[in-house]
Amino acid sequence: MSAGSRAPENGIAADVDRERFLRDGYLVVPEVIDPARLAEVRRAYETLVERQRAVWAAQRGPGDPPGGAWETARQPRLHLSRELGAQVDASCAAAVEVWAGDRLRAVAGRMLGVEDAGATELMMMCSPVRDRGPANWHRDIHPIDTAPLRGYVDDIVENGPAYIQWNIPLYDDDVLWVMPGTHVRANTDRENRLLLEDDRRPLPGAVQTHLRGGDGVAYITPILHWGSNYSAKLRRTVHGGFSPFALREADPFVPYLQPAAQEIFRGWQRACAVKKDRTEAALRAALAGDDAAYDRALAALRPGAAEKGKMLLTVFLTKAALFIRLRKRPGLRSTVPERVARSSDAPHPITLNWGPQFAERFTAQEADLLWRRFAPLERRLNGDREGFMPGFQAERMRHSFVEMPAGFGVAELTAAWS
Numbered sequence: 209m210s211a212g213s214r215a216p217e218n219g220i221a222a223d224v225d226r227e228r229f230l231r232d233g234y235l236v237v238p239e240v241i242d243p244a245r246l247a248e249v250r251r252a253y254e255t256l257v258e259r260q261r262a263v264w265a266a267q268r269g270p271g272d273p274p275g276g277a278w279e280t281a282r283q284p285r286l287h288l289s290r291e292l293g294a295q296v297d298a299s300c301a302a303a304v305e306v307w308a309g310d311r312l313r314a315v316a317g318r319m320l321g322v323e324d325a326g327a328t329e330l331m332m333m334c335s336p337v338r339d340r341g342p343a344n345w346h347r348d349i350h351p352i353d354t355a356p357l358r359g360y361v362d363d364i365v366e367n368g369p370a371y372i373q374w375n376i377p378l379y380d381d382d383v384l385w386v387m388p389g390t391h392v393r394a395n396t397d398r399e400n401r402l403l404l405e406d407d408r409r410p411l412p413g414a415v416q417t418h419l420r421g422g423d424g425v426a427y428i429t430p431i432l433h434w435g436s437n438y439s440a441k442l443r444r445t446v447h448g449g450f451s452p453f454a455l456r457e458a459d460p461f462v463p464y465l466q467p468a469a470q471e472i473f474r475g476w477q478r479a480c481a482v483k484k485d486r487t488e489a490a491l492r493a494a495l496a497g498d499d500a501a502y503d504r505a506l507a508a509l510r511p512g513a514a515e516k517g518k519m520l521l522t523v524f525l526t527k528a529a530l531f532i533r534l535r536k537r538p539g540l541r542s543t544v545p546e547r548v549a550r551s552s553d554a555p556h557p558i559t560l561n562w563g564p565q566f567a568e569r570f571t572a573q574e575a576d577l578l579w580r581r582f583a584p585l586e587r588r589l590n591g592d593r594e595g596f597m598p599g600f601q602a603e604r605m606r607h608s609f610v611e612m613p614a615g616f617g618v619a620e621l622t623a624a625w626s
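In the numbering used here, the protein residues as written are 209 to 626.
Given below as structure tokens:
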């Protein structure tokens, strides 16, 4: 690993209680933004807010208000990993440099238990122009194009999380509520009943986070959480995460960063290229029907992962195979749910979906064979009838929300290849 991608010494994160984080699924961490830089970071983000507002105003459609999405969104979001990244220059580089801060990277590395985690999905959540009220309780997973909850839970218990998400407000913030422990369990019957009755109110046992400007709350992806009140009160909350599977490529803002931050981002770019190559190696081992090479590729993708971790990677690779086939055979898009078709058009690196360009590494014939290798697992994930589970980012679907296929793991899948 390059010096630019190495996490700083964990002495900077000595106050972080990893055991509590793994038990509860979330942790409030003070001063993840250096207090001496907080005012500078605020100014940088306000510059980007104004630039994004100009873009939204220009993009407004017929009948939209003058401000476009700034006026219509319940939670306007800035996406520095997408088109807004090109708007970053030296005057607002501090908005990106937040993610390269020693304190934040050290805490993330300690919580994940790895040294090669990169920042992913660099965003900011803003207050709407008028009160919008509460959001829905939800988990940030949608099983139809990622994996059932049990796959995540088993992997977290066995290997620790592979992704942690952050809310880092620039001003005092108490919007986020979490339900401790739900990152490693399904909803209870009572929770399901209450969510079906009204999923926009506090749940018994939930915890409201109270953050000062510059503090952060980190949480493990499947946790049940709630945006309690999207009001017009000024809100500027940095949002994103860290994972060994972070999509960092030709970020246009890198030349404007301080030299140390430039090297950190370039280190993440190099690590991203390695992970993409290792993903391809796993898929090519499947194409070859080589179960031993496939196991080695899984071990390279996530060193130290045991049986459950390798099974979760295999579910992600199953979805990747499906997305590759949809890109190579666009006529098949109408045969899959709309959510799946849309997922083939955009990256989601923490689940090994590296985006449409990744499909160009394979021919159409290879995509067909690749799908035949993984289709038996997808059939077991889909089941034979539609269902619904409250608290997920999904509607009714013919796919397991919670449970993984019984009696069917990596060995059973790869045994059929030979």
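Every residue gets a Cβ at the ideal spot worked out from N, C-alpha and C, and that includes glycine.
At a cut-off of 4 residues, the continuous stretches assigned as alpha helix (DSSP H) that sit fully inside the segment 565 to 602 are 572 to 590.
Close CB contacts of L455 within its chain, under the 8 Å cut and outside five residues either way in sequence, are with S289, T328, C480, P555, P557, W562 and G563 (chain order). Annotation: V425 to L235 spans about 6 Å, alpha carbon to alpha carbon. Counted as a single uninterrupted DSSP element, the stretch harbouring L465 is not any beta strand (DSSP E), since DSSP gives it neither H nor E. The continuous alpha helix (DSSP H) containing E620 extends over residues V618 to A623.
Comparing alpha carbon positions, the residue from A247, L292, Q295 and Q260 closest to W278 is Q260. Looking only at W307, P270 and M319, the smallest Cα-Cα distance to R228 is reached by M319. DSSP, read as helix, strand or coil, puts Y379 in coil. R510 and P273 have their C-alpha atoms roughly 47 Å apart. Between F600 and I241, the gap from beta carbon to beta carbon reaches 8 Å or more. Ranking V446, N590 and L411 by CA distance to the CA of M331 puts V446 first. Residue range L246 to Q267 is occupied by the alpha helix (DSSP H) that includes T255. Residue pairing by DSSP places Y427 opposite Y234 and Q373 in a beta bridge. Taking a 10 Å sphere around the C-beta of H418, we find fewer than 16 other C-beta atoms and assign the residue as exposed. When the alpha-carbon of R251 is set against those of R444, D397 and G475, the nearest one is in R444. When the alpha-carbon of A301 is set against those of R311, L578, V337 and F473, the nearest one is in F473. In summary, R550 is exposed, with fewer than 16 beta-carbon neighbours lying within 10 Å of its beta-carbon over all protein chains present. With respect to the C-alpha of A490, the residue from T522, G219 and K516 having the closest C-alpha is T522. With a 10 Å radius around the Cβ and a threshold of 16 neighbouring Cβ atoms, F453 comes out buried. V365 sits in a helix when the DSSP states are folded into three classes.
By the Cβ test, the segment 353 to 369 is not in contact with the segment 532 to 539, since fewer than three Cβ pairs between them sit closer than 8 Å. The beta-carbon separation of R537 and A572, rounded to 6 Å, stays under the 8 Å limit for a contact. By the Cβ neighbour-count rule, A575 is buried, with 16 or more other Cβ atoms within 10 Å of its own.
Residue pairing by DSSP leaves C480 without any beta bridge partner.
About 25 Å separates the beta carbons of W307 and W385, which is beyond the 8 Å limit, so they are not a contact pair. The shortest C-alpha to C-alpha distance from D324 to any of Q477, L495, I431 and G293 is the one to Q477. In the structure shown, F453 falls within a coil segment according to DSSP collapsed to helix, strand and coil.
When only Cα atoms are considered, P545 and R226 end up about 39 Å apart. Selection G317, A619 and G309 evaluated against A501 yields A619 as nearest (Cα-Cα). With 16 or more neighbouring CB atoms inside 10 Å of its own CB, F461 falls in the buried class. Relative to the Cα of T622, the nearest Cα in the group M519, E568 and Q565 belongs to M519. For V386, the enclosing beta strand (DSSP E) begins and ends at L384 to V386. Taken through DSSP and simplified to helix, strand or coil, V415 comes out as strand. Here the alpha carbon of G595 sits roughly 6 Å from the alpha carbon of R606. Under the three-state reduction of DSSP output, E323 falls in the coil class, being neither helix nor strand. The residue among G321, G326 and P410 with its C-alpha nearest the C-alpha of E366 is G321.
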